[in-house]
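To start, the structure under review is shown below, and the notes come after it.
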């Protein structure tokens, strides 16, 4: 999706709706401005991916875990895409997708429902609907063996990722996988942080997260290793901790702490009007129902220790493992 966000005083509501509706129908395709923005996006790509260790890692993960899925391609595109995109392609995209029947407008703040509806109808109703293109997104074929990938960069130590295929965003196991990832690698009190960073002093940071999209998801472990640390040793400790959570139930006290962490994060994530508007918009876009946002806490509360052990055994499978590394260039440090 493409999102446009604005924070402004409530007495300027009509002004911003006027501006946003104009954006939907009256874009000027000036070649000099497009070329200028092209350079801005190219620099953004360099900063976020090409010149970033974790950006390079994420891109390498994507091309390793996805071989047939549409998710293989980065949203920002490759440099060749940015160089070669023509103005006619931009026009085609704009006139195909920028339409009221392909948009979600969320207004949060000191406004009334009747006032907001009246202004939305005034400025968006005159804009024509579009026949939206039918897009076929390719799903990923099942992974049946471990995959590895590594990229040499001008760094002093290894940045490591171990990624397993996860679940779609609307799958019922999303909540148990989130709590599993939190137990393993969310914060300095997590299992992997204690084992790898504190006790064995092998890394400066570790984390684990579960990410979910419309077609699939990933369960990912990340570690920034100290110089000259053995990757195999870190992988061994990771496997040992994963084995524990696959066999031993999470204690009731730990499970309660995990749920409290999730609830606190949920509440903090909705403290501002801007964050509330974005959360409502995302739930409407992804699920087709903004009210899904209000179901999350109850679904996390319903997760049991047995659920966490079950999803650990279901999704953490050796044959589906992806080991991805950013390593020092030859001669500059440990490989």
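Numbering (the working numbering), first residue to last: 1 to 335. Even glycine gets a Cβ: it sits at the ideal position worked out from N, Cα and C. In this text, all values refer to a predicted model and were calculated from it rather than measured experimentally.
- In the structure shown, residue 328 adopts extended strand secondary structure according to DSSP, grouped into three states.
- Residues 175, 176 and 179 of the same chain have their beta carbon placed closer than 7 Å to that of residue 303, with the five preceding and five following residues left out of the count.
- Residue 309 has its alpha-carbon roughly 11 Å from the corresponding atom of residue 251.
- The criterion of a C-beta distance shorter than 7 Å is not satisfied by residue 285 and residue 169.
- Per DSSP, reduced to three states, the secondary structure at residue 60 is helical.
- Residue 69 and residue 139 do touch by the CB rule: their CB atoms are close to 6 Å apart, below 8 Å.
- Linking residue 13 to residue 6 through their CA atoms gives a straight-line distance of about 10 Å.
- Below 8 Å, enough C-beta pairs join the stretch 17-29 and the stretch 119-133 to call them touching: three or more.
- Between the alpha carbons of residue 193 and residue 223 lies a gap of roughly 9 Å.
- Counting only runs of 4 or more residues that sit fully inside the stretch 13-90, the alpha helix (DSSP H) segments are 13-25, 31-45, 53-65 and 79-84, in chain order.
- For residue 185, the secondary structure class from DSSP, reduced to helix, strand or coil, is helix.
- In the DSSP assignment, residue 164 falls within the unbroken beta strand (DSSP E) covering 159-165.
- Two segments are said to touch when three or more pairs of C-beta atoms, one from each, lie closer than 8 Å; by this definition the stretch 136-150 does not touch the stretch 258-272.
- The residues 129, in chain order, have a CB closer than 6 Å to that of residue 101 in the same chain once the five nearest residues on each side in sequence are set aside.
- The stretch 318-325 and the stretch 281-295 do not touch, with fewer than three beta-carbon pairs separated by less than 8 Å.
- Of 291, 199 and 1, the smallest CA-CA separation from residue 93 is found for 1.
- When DSSP reads this structure, residue 150 sits in a beta bridge with 325.
- Going by beta carbons, residue 165 and residue 320 fall inside the 7 Å limit.
- Within the same chain, and ignoring the five residues on either side of residue 213 in sequence, the residues whose Cβ sits closer than 8 Å to its Cβ are 71, 168 and 169.
- Secondary structure of residue 232 (DSSP, three-state): helix.
- C-alpha of residue 59 to C-alpha of residue 203: approximately 22 Å in a straight line.
- Around the beta carbon of residue 236, fewer than 16 other beta carbons sit within 10 angstroms, so the residue counts as exposed.
- Here the alpha carbons of residue 221 and residue 163 stand approximately 6 Å from one another.
- By the C-beta density criterion, residue 307 is buried, having at least 16 other C-beta atoms within 10 angstroms.
- With 16 or more other CB atoms across the displayed protein chains lying within 10 angstroms of its CB, residue 195 is buried.
- Bridge partners of residue 221 according to DSSP: 162 and 208.
- Residue 185 sits away from residue 155, with the two beta carbons spaced by 7 Å or more.
- By the beta-carbon neighbour count (other beta carbons within 10 angstroms, threshold 16), residue 61 is buried.
- Residue nearest to residue 258 within the set 288, 313, 248 and 187 is 187 (criterion: CA-CA distance).
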